[in-house]
Structure formats: C-alpha cells, structure tokens
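The sequence shown begins at 30 in the working numbering and counts up by one.
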Amino acid sequence: MPAPESDLRSPEWFRSVVFYELPVRTFFDSNGDGIGDLPGVLEKLDYLVDLGVGAIWLLPFYKSPWRDDGYDISDHFTVDPRLGTIDDLDRLVEAAHGRGLRIIGDLVANHVSDEHPWFQEARKSRDSPKRSWFLWSDTGTEFSGARVIFPDYEKSNWTWDDVAGQYYFHRFFHWQPDLNYDTSAVRAEILNFARFWLGHGLDGFRCDAVPYLYKREGTTCAHLPEVHQFFQDLRGMMDAEFPGTVIVSEANGTIAETVAYFDRSHEFQMVMEFPLMPNLFLGFAERNPRRILDVLRATLPGVPTDCGWAYFLRNHDELSLERMSESERAVFFREMSLPSDARIHNGVRRRLAPLLGGDDQSVLMLTSLILALPGAPFLYYGDEIGMGDRVDLPDRDAVRTPMQWANDPSAGFSRAPPSSLTRPLVVEPAFAPSRRNVADEESQANSLLSRMRTVLRVRAAHATVFSSDRFEGVDVGDRPVLGFWRAGSEYQILCLYNFGAEPSTGQLELPGSLWASPVELVRGQGSTVSGRTFRFRLAPRGFAWTLFLTRRERGAPA
Ligand code: NOJ
Ligand code: CA
Numbered sequence: 030m031p032a033p034e035s036d037l038r039s040p041e042w043f044r045s046v047v048f049y050e051l052p053v054r055t056f057f058d059s060n061g062d063g064i065g066d067l068p069g070v071l072e073k074l075d076y077l078v079d080l081g082v083g084a085i086w087l088l089p090f091y092k093s094p095w096r097d098d099g100y101d102i103s104d105h106f107t108v109d110p111r112l113g114t115i116d117d118l119d120r121l122v123e124a125a126h127g128r129g130l131r132i133i134g135d136l137v138a139n140h141v142s143d144e145h146p147w148f149q150e151a152r153k154s155r156d157s158p159k160r161s162w163f164l165w166s167d168t169g170t171e172f173s174g175a176r177v178i179f180p181d182y183e184k185s186n187w188t189w190d191d192v193a194g195q196y197y198f199h200r201f202f203h204w205q206p207d208l209n210y211d212t213s214a215v216r217a218e219i220l221n222f223a224r225f226w227l228g229h230g231l232d233g234f235r236c237d238a239v240p241y242l243y244k245r246e247g248t249t250c251a252h253l254p255e256v257h258q259f260f261q262d263l264r265g266m267m268d269a270e271f272p273g274t275v276i277v278s279e280a281n282g283t284i285a286e287t288v289a290y291f292d293r294s295h296e297f298q299m300v301m302e303f304p305l306m307p308n309l310f311l312g313f314a315e316r317n318p319r320r321i322l323d324v325l326r327a328t329l330p331g332v333p334t335d336c337g338w339a340y341f342l343r344n345h346d347e348l349s350l351e352r353m354s355e356s357e358r359a360v361f362f363r364e365m366s367l368p369s370d371a372r373i374h375n376g377v378r379r380r381l382a383p384l385l386g387g388d389d390q391s392v393l394m395l396t397s398l399i400l401a402l403p404g405a406p407f408l409y410y411g412d413e414i415g416m417g418d419r420v421d422l423p424d425r426d427a428v429r430t431p432m433q434w435a436n437d438p439s440a441g442f443s444r445a446p447p448s449s450l451t452r453p454l455v456v457e458p459a460f461a462p463s464r465r466n467v468a469d470e471e472s473q474a475n476s477l478l479s480r481m482r483t484v485l486r487v488r489a490a491h492a493t494v495f496s497s498d499r500f501e502g503v504d505v506g507d508r509p510v511l512g513f514w515r516a517g518s519e520y521q522i523l524c525l526y527n528f529g530a531e532p533s534t535g536q537l538e539l540p541g542s543l544w545a546s547p548v549e550l551v552r553g554q555g556s557t558v559s560g561r562t563f564r565f566r567l568a569p570r571g572f573a574w575t576l577f578l579t580r581r582e583r584g585a586p587a
C-alpha cells in the first residue's frame with residue numbers, strides 16, 4: 030500500500046515514500062540462468078507494494094564487466110545483456126508506475142570501466158580526441174591530497190598504463206579510470222547519460238561518488254565548488270526537461286559538507302544521511318541514544334523545506350566507520366557481533382541482522398527509527414526478512430547474496446541449481462534460506478517481515494505527519510530512551526525508542542496544545558495518562574508510536 034501522498038504527479042513525492050534499494054543481479058532470476066534480471070524485478074513488484082515501499086532504487090544495470098558490480102560501466106546507453114534489454118526496462122518502469130511505485134537508477138558519473146570505448150580510445154594516443162576525457166600524468170604524483178578510498182586493494186590513485194605511456198588517475202579501483210570534468214564534452218555526455226534513462230521513464234537517480242568529480246592540486250579533491258556546479262547543472266536540466274524527477278547524493282562527509290549538497294534547494298532534493306548513520310549503530314552499541322538526538326538537532330535545521338535527508342542503516346557497501354573516532358570504533362567493535370574478517374577498507378561488511386546479533390526486535394527498532402524521521406528512509410533488499418551475509422566472499426559481495434524468497438535449494442531466487450547461481454547463498458544456519466525467507470515469513474504473523482509490513486503500513490497511513498519537517502526532541506531524563514514528536518496540523522505523534530537491554534519506563538508532561546487521550550499506533554508495553562502526565566513502558570529495544578489530537582481553540586474552525 031503506497032503512501033497516499035505518493036501521487037506520481039506531486040513534485041515532492043519523494044518526501045513521503047519509503048525507498049527500497051535492490052540489485053537486479055541478485056533479486057530474482059526469471060529465466061533460470063542463475064542471474065537475477067529485469068523481468069525478475071517486474072515479477073516481484075507486488076511483493077514490494079505489499080511491503081509498503083513507494084520507490085525502488087535500482088543499482089547499476091548498464092553494460093559492465095562487473096568487476097565492481099556495475100559501477101564500472103562499459104556502455105552507458107544499454108542494459109547489461111545478462112540482466113535483460115531496454116525493452117525489459119521499459120516494461121518494468123511502466124509496470125512500476127502502474128502500481129504507484131517510483132523507480133530511480135544510479136548515476137555513476139565519476140568514472141567508467143577501463144573496457145569502455147572512451148578509455149580504450151583515449152589510451153591509444155596522446156592525440157586521441159578522447160585523451161582529455163581522462164586524467165594523465167608522467168609521474169603519478171599529482172593530487173597527493175586525495176586519499177585512497179579502497180586501501181585494501183589500491184595503494185595509489187594513479188596507475189601506469191603501458192598502452193598510453195602515462196599514468197591515469199582513478200579514485201576507486203584501478204580498472205575504473207576517472208573522467209576529467211574539466212573537459213566540457215565529458216560533462217555534456219554525462220548529462221546525456223542521465224537524459225537517456227530519464228527518457229525511458231526513470232524518476233531520478235541516486236548519484237554515485239558525488240564529492241570526487243573534480244580534482245584540484247593542494248586540496249583533498251573532494252566536495253569542491255565545481256562539483257556543486259555540475260550537480261546544479263544536472264538538476265537544472267532535469268527540472269527543465271523531466272519535471273518531478275529527483276537526485277539523491279551519495280556524499281560521505283561532515284555535517285557541513287553534506288548539508289551543502291542541498292544548496293538552498295538548487296541542487297539535490299535528497300542527501301544520504303552519512304553523519305547520522307554511524308551514530309545510530311554507536312548509540313545502539315552504547316545503549317544510549319543521546320548522540321542520535323544531538324546529531325538530529327544539528328542536521329535537521331539545515332534542510333530546505335522542499336528537500337529531505339535520505340536515511341539508511343545498511344546498503345550494498347561496507348558500513349563506513351570513517352566518521353568514528355578511535356574510541357568510538359573500539360566501543361563499536363566491542364559491542365557488535367563482528368567476526369574479524371568482517372572488516373574491509375574503512376568499514377565493516379555485514380548486513381543489518383547479523384550486525385544486531387540476529388535480534389529481530391533490534392532490527393525493527395532501528396528501522397522504525399529511520400521510518401519516523403523527517404526525510405526519506407531507504408531500506409536495503411533482504412534486511413526486511415533478516416537476511417545474513419557471507420564474510421568469506423570477496424570484498425562487499427558479502428552483503429550482496431541472492432534474495433531469499435523461499436526455503437528451497439536455490440532460495441526461490443532461481444530455477445538454476447545452487448552451484449550455478451551468480452553468487453552463492455547465505456549458509457550460516459541462523460540467516461540461511463531455511464530460516465529466513467519471504468514465503469515462510471509471510472505466513473507467520475509475528476515474523477520480522479510481518480512486523481515490518483505493519484510498521485510501514487502505519488507510517489503510510491500517517492504519511493502527512495511523517496513527511497512534514499516538524500521534529501522536536503523530547504527530554505526523557507536519564508534513560509536509554511530516544512523520544513521525539515512529529516507534528517501535523519490535526520495531531521502529533523510521539524515516537525519513543527528504548528536503546529537499553531532492559532525494559533524502560535518513564536514519563537513526560539503533555540503540552541497543553543494536545544488532548545490527553547493517547548491512541549497507540551504501535552504499542553509499546555502499555556502506557557497510562559493521569560492528568561497531563563503520560564507514562565510509558567518499553568520492552569528491551571522496544572518502541573512505541575502514540576498519537577495525540579491537537580486541541581482546537583474554542584470557536585476555531587474545525
Ligand atoms: C560507491 C558505490 O556505492 C560503490 O559500490 C562503488 O564501488 C563506488 N562508489 C565506486 O563507484
Ligand atoms: Ca536470469
């Protein structure tokens with residue numbers, strides 16, 4: 030049931046829906062070759078509608094050698110043949126729109142695959158018209174302020190190319206040469222890339238590796254003013270040619286650096302909430318949500334009213350620990366269940382459920398927290414059923430295993446045998462398809478999936494309140510409880526979350542503007558009111574959403 034506000038014509042549709050991130054390759058295989066595909070996503074649209082999401086973020090589906098799961102594009106203007114065809118994409122978009130679902134793609138702008146004809150042409154000769162599309166050097170010493178992002182695999186941002194007789198620059202893997210944004214033809218071509226897929230009906234993009242497009246000597250080569258200019262140009266083009274489409278920025282940085290991507294609503298409509306994300310896990314590890322409220326109080330005021338944060342707990346990458354201090358990291362590692370080989374780059378490659386010790390209640394509590402904040406929550410496929418990971422697989426493949434649809438040898442993902450799947454299934458008993466799968470969880474009223482659906486349904490029913498930007502933290506005294514009010518015009522919702530491992534009780538005085546007759550939307554362990562004092566009780570890692578009607582002034586219009 031999509032949110033009532035998910036009206037496809039509303040320019041601010043993105044503020045009221047829940048997004049669902051999915052990789053076509055490992056979502057559902059429709060033709061039995063062991064590889065997920067676009068028709069497979071189409072077959073599962075009703076599942077997404079029933080779950081209650083309003084928009085899908087498709088991970089890169091363009092032609093690619095898949096050395097970085099599609100983030101290494103070798104042809105921007107076609108679908109990877111293993112995933113389907115452009116016609117399949119058109120059918121998927123039409124079917125999604127028919128069900129009131131939006132669908133965004135992934136705009137990989139910073140780099141291409143070294144197999145891309147642009148790079149192949151560029152490396153051949155210094156006189157090639159494509160030479161200036163990339164960054165070359167005779168010494169490989171420039172831009173030394175740019176840190177290496179994948180330090181487990183790359184030692185430098187420059188790699189020598191025998192064919193070119195020069196070094197070329199790459200911010201990620203060495204098979205992903207960076208484009209040179211000082212070349213106007215590059216900027217124009219990436220805008221054409223966006224135009225092409227918007228022309229096929231996509232409703233926008235999550236933009237990849239946003240901070241790194243421009244390089245300047247003497248800087249960290251991240252978040253430069255030129256980057257903002259490029260994305261404002263992209264936004265300008267989209268507003269003019271494809272009104273109602275949106276862009277979400279993937280830019281990890283400080284609060285000031287990330288807020289800047291809204292740029293008074295001239296740039297991104299949504300910005301991934303990187304400053305908050307590690308604090309959600311730290312607050313969980315510390316059993317103290319204080320820091321979460323502090324970050325929210327610092328990040329929410331900077332958001333223009335027609336924009337919104339994009340909240341997430343996990344995604345297809347490692348959980349980045351970059352913004353944690355040494356002592357915070359120590360707490361995180363001590364308290365979370367982390368096998369030593371789960372660490373990678375500057376983070377941890379684990380899915381949500383295993384990170385939270387396989388505890389459904391904790392998964393639900395943190396998810397329902399991001400569902401209640403002003404902005405758009407992003408869910409990662411499989412986290413709604415408590416799927417696990419495989420830290421024995423290379424790199425971030427650990428968190429990219431096939432979706433578990435059923436208790437069946439290939440997890441209902443494919444008709445192909447398990448040995449022929451594009452990636453192996455989860456095997457750890459507590460998270461394997463026999464324990465965690467859609468079919469079984471759909472049939473159990475108390476499963477994680479059923480409880481997720483209920484919470485998403487409540488959120489959708491109150492989308493006006495949850496999509497407003499009114500947020501007020503609540504002081505609950507010295508307790509491991511996070512509390513805040515979300516206000517609409519007719520009523521307010523009090524959201525309470527117990528980060529403690531013990532039950533928690535508490536009380537607060539109701540503001541005079543509200544009737545003291547609570548309606549429990551999501552029940553904690555019971556609440557009472559006497560006079561204007563509201564008393565609550567929450568289970569360990571429990572949460573409650575409670576509605577209070579606004580009192581009207583005598584004689585005020587109803
Ligand atoms: C961020 C993407 O999320 C990640 O998966 C990818 O490897 C890098 N950008 C490079 O495109
Ligand atoms: Ca297939």
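No residue lacks a Cβ here, since even glycine has one placed at the ideal position from N, Cα and C.
Which of the three DSSP states is assigned to residue i in this structure?
i	result
N527	strand
P33	For P33, the pLDDT reaches just 40, beneath the cut-off of 50, and the residue's location in the model is therefore unreliable, leaving the point undetermined.
I85	strand
M432	coil
K73	coil
R44	helix
D504	coil
A468	helix
A587	Summary for A587: the model assigns pLDDT 44, below 50, so the residue's position carries little reliability, and this model does not support an answer.
F572	strand
T188	strand
T451	coil
L578	strand
S39	coil
L242	coil
S349	strand
Near residue i, which residues of its chain fall below 7 Å by C-beta distance, leaving aside the five closest residues on each side in sequence?
i	result
L74	A124, A125, R128, L130
V22	Residue coverage of the chain in this structure runs from 30 to 587, which leaves residue 22 outside it and unanswerable.
A251	P240, Y241
D335	E41, S294
G69	F56, F57, D58, S59
P33	Note that P33 has pLDDT 40, beneath the 50 cutoff, so the model's placement of it is unreliable and the number below is only indicative. Excluding positions up to five away in sequence, the list reads A492.
L77	Y49, I85, L130
E150	S157, K159
E364	A314
Going by the DSSP bridge assignment, what does residue i pair with across the sheet?
i	result
Y340	P406
R564	Q536, T557
W204	Answer is none; W204 lacks a bridge partner.
Y591	Nothing in the structure corresponds to residue 591, since the chain is present only between 30 and 587.
L477	DSSP, once it has assigned bridges, lists no residue as partnering L477.
C236	L136, S278
E50	W86, Y409
Y520	L578
How would you write the range of the alpha helix (DSSP H) that residue i sits in, first residue to last?
i	result
F222	213-228
L263	254-270
T287	284-288
P146	146-153
R319	319-328
D117	115-127
P307	306-315
V494	492-495
Can you list, in chain order, the residues of its chain with a C-beta nearer than 8 Å to that of residue i? Leave out the 5 residues immediately preceding and following it.
i	result
R561	E538, L539, G541, A545
L305	I321, V324, L325, T328, W338, Y340
A568	Q390, N527, P532, G553, Q554
T168	Y196
V53	G65, D66, L67, G69, V70, L87, L88, F90, L112, G113
Excluding the 5 residues flanking residue i on each side, which residues of the same chain have their C-beta closer than 6 Å to its C-beta?
i	result
T493	G517
D388	none
P31	The predicted model places P31 with a pLDDT of 43, which falls under 50 and marks its position as unreliable; any figure quoted below should be read in that light. If we look at P31 and ignore the five residues flanking it on each side, its Cβ neighbours are G83, G129.
L408	Y49
Following a CB-centred definition, is residue i positioned closer than 7 Å to any heavy atom of ligand 3?
i	result
G65	Ligand 3 is not among the ligands present in this structure, which contains only ligand 1 and ligand 2.
Give the range of the beta strand (DSSP E) segment to which residue i is assigned.
i	result
R515	510-516
M299	299-301
V548	548-551
F198	195-198
Does residue i come within less than 8 Å of chain C when only Cβ atoms are used?
i	result
N281	Any reference to chain C falls outside this structure, which holds one protein chain only.
Could you tell me which whole beta strand (DSSP E) segments of length 3 or greater appear in the segment 355-414? The qualifying runs are 404-409.
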